[in-house]
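Residues 81 to 168 in this note's numbering are what the sequence shown lists, from first letter to last.
Presented below is the structure to which this report refers.
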Amino acid sequence: MEIMIPVWQESTETQLAASDLQGLKGVSVALVDDNYDAEFTDEVANVLEQTYGALVKRLVKPWGSAPSPKTLIEEAAQCRVAVVGIAL
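So, in C-alpha coordinates, the structure goes:
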(Lines of atoms letter the chains of each structure in order from A; the text may use other names.)
(Lines give C-alpha, C1' and ligand atoms only; values in the text may rest on other atoms or scores of the structure.)
Protein backbone atom coordinates (compact mmCIF):
# COMPACT_ATOMS: atom_id res chain seq x y z
CA MET A 81 0.00 0.00 0.00
CA GLU A 82 1.25 3.47 -0.85
CA ILE A 83 0.16 6.28 1.45
CA MET A 84 0.27 9.76 -0.01
CA ILE A 85 -0.25 12.74 2.27
CA PRO A 86 -1.39 15.83 0.36
CA VAL A 87 0.97 18.16 2.22
CA TRP A 88 4.16 18.94 0.37
CA GLN A 89 7.33 20.57 1.55
CA GLU A 90 7.83 24.02 0.16
CA SER A 91 9.65 23.72 -3.14
CA THR A 92 9.94 25.51 -6.44
CA GLU A 93 9.91 22.19 -8.29
CA THR A 94 6.74 20.26 -9.11
CA GLN A 95 6.34 17.18 -6.92
CA LEU A 96 4.31 14.24 -8.22
CA ALA A 97 3.10 11.15 -6.38
CA ALA A 98 4.88 8.01 -7.55
CA SER A 99 2.74 5.42 -9.31
CA ASP A 100 3.18 2.74 -11.93
CA LEU A 101 -0.43 3.00 -13.12
CA GLN A 102 -0.86 3.57 -16.84
CA GLY A 103 -4.62 3.98 -16.58
CA LEU A 104 -7.66 2.96 -14.55
CA LYS A 105 -9.13 0.23 -16.74
CA GLY A 106 -9.72 -2.79 -14.49
CA VAL A 107 -8.17 -1.04 -11.48
CA SER A 108 -9.96 -1.21 -8.12
CA VAL A 109 -10.83 2.28 -6.89
CA ALA A 110 -12.13 2.99 -3.39
CA LEU A 111 -14.47 5.97 -3.57
CA VAL A 112 -14.84 7.27 -0.02
CA ASP A 113 -18.17 9.07 0.12
CA ASP A 114 -18.49 11.80 2.77
CA ASN A 115 -22.26 11.36 2.59
CA TYR A 116 -22.86 15.02 1.66
CA ASP A 117 -23.82 15.05 -2.02
CA ALA A 118 -24.92 11.63 -3.28
CA GLU A 119 -25.74 12.86 -6.80
CA PHE A 120 -22.27 14.32 -7.30
CA THR A 121 -20.55 11.23 -5.90
CA ASP A 122 -22.77 9.03 -8.10
CA GLU A 123 -21.54 11.00 -11.11
CA VAL A 124 -17.88 10.66 -10.07
CA ALA A 125 -18.38 6.89 -9.71
CA ASN A 126 -20.13 6.73 -13.08
CA VAL A 127 -17.32 8.59 -14.86
CA LEU A 128 -14.68 6.39 -13.25
CA GLU A 129 -16.55 3.25 -14.32
CA GLN A 130 -17.95 4.22 -17.73
CA THR A 131 -15.21 6.49 -19.06
CA TYR A 132 -12.11 5.00 -17.47
CA GLY A 133 -13.16 1.38 -16.85
CA ALA A 134 -12.36 1.46 -13.14
CA LEU A 135 -13.85 -1.05 -10.71
CA VAL A 136 -15.37 1.32 -8.16
CA LYS A 137 -15.98 0.25 -4.58
CA ARG A 138 -18.17 2.88 -2.89
CA LEU A 139 -17.45 3.31 0.81
CA VAL A 140 -19.77 5.64 2.73
CA LYS A 141 -18.65 7.36 5.92
CA PRO A 142 -21.30 7.27 8.66
CA TRP A 143 -20.77 10.99 9.45
CA GLY A 144 -19.48 13.30 6.75
CA SER A 145 -17.24 15.55 8.82
CA ALA A 146 -15.93 12.84 11.14
CA PRO A 147 -12.73 10.92 10.41
CA SER A 148 -13.21 7.65 8.54
CA PRO A 149 -13.57 4.64 10.84
CA LYS A 150 -10.59 2.28 10.94
CA THR A 151 -12.59 -0.47 9.20
CA LEU A 152 -13.40 1.87 6.29
CA ILE A 153 -9.72 2.86 5.95
CA GLU A 154 -8.70 -0.80 5.96
CA GLU A 155 -11.30 -1.61 3.31
CA ALA A 156 -10.14 1.30 1.12
CA ALA A 157 -6.54 0.13 1.52
CA GLN A 158 -7.47 -3.12 -0.24
CA CYS A 159 -8.03 -1.15 -3.46
CA ARG A 160 -5.26 0.02 -5.77
CA VAL A 161 -6.47 3.65 -5.74
CA ALA A 162 -8.50 5.65 -3.23
CA VAL A 163 -10.44 8.84 -3.93
CA VAL A 164 -11.15 10.76 -0.73
CA GLY A 165 -12.21 14.24 0.24
CA ILE A 166 -14.67 14.94 -2.56
CA ALA A 167 -15.77 18.55 -2.08
CA LEU A 168 -19.24 19.99 -2.49
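We put the CB at the ideal spot given by N, CA and C, even for glycine.
Pop quiz: Y173 and L104 are said to be a contact at Cβ under 8 Å. What is the actual Cβ separation, rounded to whole angstroms? The structure shown does not extend to residue 173, since the chain spans only 81 to 168, so no value can be given for it.
Residue burial classification, A110 (beta-carbon count within 10 angstroms, cutoff 16): buried
With a cut-off of 8 Å, do at least 3 Cβ pairs link the region 108-123 to the region 151-164? yes
Determine, using beta carbons only, whether L152 and L139 come nearer to each other than 8 Å. yes
May I ask you to report which of helix, strand or coil DSSP gives A162? strand
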